[in-house]
Amino acid sequence: MEQRLFGQTGMKVSALGLGGAAFGMEQDFNKVDKMLNSALDTGVNVIDTAEYYVQSEEFFGRALASRRDDFYLFTKCGYAAGFDYPDWDPVLLEKSIDRSLKRLNTEYVDVIHLHSCSEEVLRQGDVIEVLKRANEQGKTRFIGYSGDTTDALWRYDELPTTAYPYVYWERLRELNYDFLENMEESIDITLRFALSTVGVATAIVDTNNPDRWEKNAEFLKRGALAQDVYKDIRARWKEVEHEDWVGKT
């Protein structure tokens with residue numbers, strides 16, 4: 001599988017990464033174990049999870065501890081059940097990081113991300129200092145920020161019932177890309193569009209469906225999007241975008 005340099009970290013990451021949210025709801029550990037190890041065997045070397053993803057970290061720790069040198073491990077912090085502290089409290093973050101390492105059955109992760117905290121929280125600086133200390137203590141090699149994206153919101157054919165996805169549902173209906181009418185084509189183009197964008201090193205896809213994973217890998221073999229297709233997508237965005245579209249997480 002193609003590998004790309006991940007920012008200034010020196011890490012060469014696979015173009016396709018595996019996300020852990022869906023695994024957090026999975027009850028069959030054997031299924032998780034088989035899929036994770038199969039992904040590594042096919043060349044994937046980026047595994048991403050989060051404290052917030054229910055039992056994802058624990059399953060990943062059980063399945064992959066013996067292969068820790070075969071992949072880069074990312075996790076996230078900010079929300080944590082079981083602690084008597086509010087979200088983004090520095091003490092909560094410290095306890096959450098330590099618990100994540102225990103669950104993941106590792107002494108360190110390659111990247112810890114802040115999990116979609118607000119600009120206001122970031123500007124206070126406390127949360128960043130916690131991550132810096134974790135780096136200094138050898139608990140993480142690098143630190144970063146993870147913003148929630150559209151995820152799989154293109155799948156909504158009807159109005160979402162919760163407020164968060166509504167803005168993206170509304171946006172996609174306004175963009176009205178032809179390829180969104182077909183699920184397989186939308187996955188293909190979305191994935192390859194992301195990896196055709198300058199600065200994108202890896203596309204972390206969240207699925208616990210082995211068939212979906214194999215299809216995603218096949219899509220990547222088709223290579224970058226044709227420039228005219230890529231430019232058309234960009235042009236349509238510029239044609240209909242609103243001022244508040246950029247910067248939403």
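Quick note: the sequence shown uses full-length UniProt numbering, first residue 1, plus one each step.
Beta carbons: idealized from backbone N, C-alpha and C, even for Gly.
Residue i - DSSP class collapsed to helix/strand/coil
i, result
"residue 109", "strand"
"residue 73", "strand"
"residue 229", "helix"
"residue 203", "strand"
"residue 44", "coil"
"residue 196", "coil"
"residue 137", "coil"
"residue 124", "helix"
"residue 66", "helix"
"residue 240", "helix"
"residue 222", "coil"
"residue 100", "helix"
"residue 24", "helix"
CA-to-CA distance, residue j to residue i, given in whole angstroms
i, j, result
"residue 2", "residue 209", "22 Å"
"residue 134", "residue 172", "39 Å"
"residue 23", "residue 194", "23 Å"
"residue 39", "residue 117", "30 Å"
"residue 234", "residue 228", "10 Å"
"residue 219", "residue 203", "12 Å"
"residue 170", "residue 60", "35 Å"
"residue 102", "residue 4", "29 Å"
"residue 81", "residue 167", "27 Å"
"residue 15", "residue 131", "26 Å"
Sheet register partners of residue i (DSSP bridge)
i, result
"residue 142", "111"
"residue 175", "Note: residue 175 sits in no beta bridge, so no partner."
"residue 13", "4"
Spatial neighbours of residue i in its chain, beta-carbon cut-off 8 Å, leaving aside the 5 residues before and after
i, result
"residue 238", "none"
"residue 42", "1 and 217"
Same chain, Cβ closer than 7 Å to residue i, five either side skipped, listed in chain order
i, result
"residue 124", "none"
"residue 175", "236, 237 and 240"
Neighbourhood of residue i by C-beta, 6 Å cutoff - its chain only, sequence neighbours within 5 removed
i, result
"residue 189", "179"
"residue 206", "19, 21 and 22"
With three or more beta-carbon pairs closer than 8 Å as the criterion, would you say the stretch 19 to 34 touches the stretch 214 to 234? Cβ pair count under 8 Å is below three, so no.
Taking one C-beta from the stretch 89 to 98 and one from the stretch 61 to 72 each time, how about it: are there three or more such pairs within less than 8 Å? With contact defined as three or more Cβ pairs closer than 8 Å, the stretch 89 to 98 and the stretch 61 to 72 are not in contact.
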